[in-house]
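Let me begin by presenting the structure, written as structure tokens, before commenting on it.
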Amino acid sequence: MNKRLVVSALSAALLLAGCQSVNTTSGGAVGVERKQYMFSMLSSDEVNQMYAQSYQKTVGEATTKGVLDKTSTDAKRIQAIANRLIAQAPNFRPDSAQWKWEVNLIKSDELNANCGPGGKIIFYTGLIDSLKLTDDEIAAVMGHEIAHALREHGREAMSKAYGIEMAKQGAGALFGLGQDSLALADTVANYGMTLPNSRANENEADLIGLELAARAGYNPNAAITLWNKMSKASEGSSPEFMSTHPASASRVSSLEAAIPKVMPLYEKASKS
């Protein structure tokens, strides 16, 4: 039998046996209802702890280098916008109210931002300065990133990677290919945290992020101007953000179709 087919079969069997169907968030006005399959031996708490260690290392290095910004106007903007978005996260995921959220701004020319598992947010000044982001556009970026964390897209990717790597180990033993270590945890963490998100995950983050921003009183139309700016910035050397959040031709049209669903939430928040 073809070894690749055996690996695929083992991977599918391990995923089926070791994964459980979960609903990480409610659908919201935007209707994100896809069921997710998570590796049962990889809990949310474990992933959150893994990422928290990496996050603290990044923050510590930024502090040592003197590039952690806690006092500037932009730092205060980032914190204020985050506070409003975080307050809306329980609409999608009630347990996120107990997360240990953190927000940090790093001085760097890098055009990037991230919200990792458990609510660990990092923004880079280059993204704000180079694209001249408004508060509404910052909220669009941050809402998108928070949505990835709420939907546990990192854990979902890691779950898939566990199945694949375990299947490789099983196939290796089956065919007498040796017992060399695959450094499974490191490999899986790399897959789950650094590789580009799937188109489906990106669409979910776009939609949930759009609603989070609207509920927080930020104009959802800013998501359109944001991605137009991102597309223009990527015409030269592609920014880091675009390497893990690949643009698709349908992204803006999908956002435009969803804006009417969340506009009433924005209008209500703007009046309160």
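For reference, each letter of the sequence shown is one residue, going -24 to -1, 1 to 248 in mature numbering (1 follows the signal peptide of the UniProt record, and there is no 0). Cβ atoms here follow ideal geometry from the backbone N, Cα and C, with glycine treated the same way.
Pairwise C-alpha distance: residue j and residue i
i           : j       : result
Asn59       : Ile98   : 14 Å
Ser2        : Tyr100  : 30 Å
Leu153      : Tyr138  : Reliability of the predicted coordinates at Leu153 is poor, the pLDDT of 38 falling under 50, and the value obtained from them is presented with this limitation in mind. Looking at the two C-alpha atoms, the distance is approximately 19 Å.
Pro236      : Ile200  : 13 Å
Arg53       : Arg10   : 33 Å
Ala5        : Ser174  : 22 Å
residue 249 : Val228  : Beyond the ends of the chain as shown, which are -24 and 248, falls residue 249; an answer cannot be given.
Leu126      : Glu211  : 31 Å
Asp85       : Leu61   : 25 Å
Asn114      : Thr49   : In the sequence on display, residue 114 carries Ile and not Asn. Their backbone Cα atoms lie some 14 Å apart in a straight line.
Ala147      : Arg191  : The predicted model places Ala147 with a pLDDT of 46, which falls under 50 and marks its position as unreliable; any figure quoted below should be read in that light. Each residue's Cα considered, the two are about 49 Å apart.
Lys33       : Leu81   : 14 Å
Lys208      : Asn88   : 15 Å
residue 267 : Ala38   : Here the chain comprises residues numbered -24 to 248, so residue 267 is not present and cannot be evaluated.
Ser246      : Gly193  : 5 Å
Lys41       : Lys136  : 36 Å
Gly95       : Val(-3) : 19 Å
Pro240      : Arg69   : 21 Å
Gly36       : Gln29   : 10 Å
Met17       : Lys76   : 22 Å
Gln74       : Tyr31   : 18 Å
Val238      : Lys46   : 32 Å
Asn204      : Ile104  : 15 Å
Thr110      : Val8    : 27 Å
Tyr242      : Ser248  : 10 Å
Lys244      : Gly102  : 33 Å
Gln12       : Met206  : 29 Å
Ser19       : Glu187  : 27 Å
Run of the beta strand (DSSP E) containing residue i, from where it starts to where it stops
i       : result
Gly92   : Ala89 to Gly92
Met14   : Gln12 to Phe15
Ser(-4) : Cys(-6) to Val(-3)
Check whether residue i and residue j have beta carbons under 8 Å apart
i      : j       : result
Gly185 : His120  : yes
Tyr202 : Ala234  : At residue 202 the sequence reads Leu, which differs from the Tyr that was named. Contact flag unset, no.
Val43  : Lys83   : yes
Pro93  : Val23   : yes
Met26  : Cys(-6) : no
Ile57  : Cys91   : no
Asn177 : Ser230  : no
Ala198 : Ala133  : no
Asn195 : Asp112  : yes
Gln64  : Val79   : no
His124 : Ala181  : yes
Residues sharing a beta bridge with residue i, DSSP
i     : result
Asn80 : Ile98
Asp45 : Leu81
Where the alpha helix (DSSP H) through residue i begins and ends
i      : result
Val117 : Asp111 to Leu126
Gly185 : Arg175 to Arg191
Leu231 : Arg227 to Lys247
Ser207 : Ala198 to Ala209
Min CB distance residue i to chain B below 8 Å
i      : result
Ala181 : Of the protein chains in this structure there is only one, and it is not chain B.
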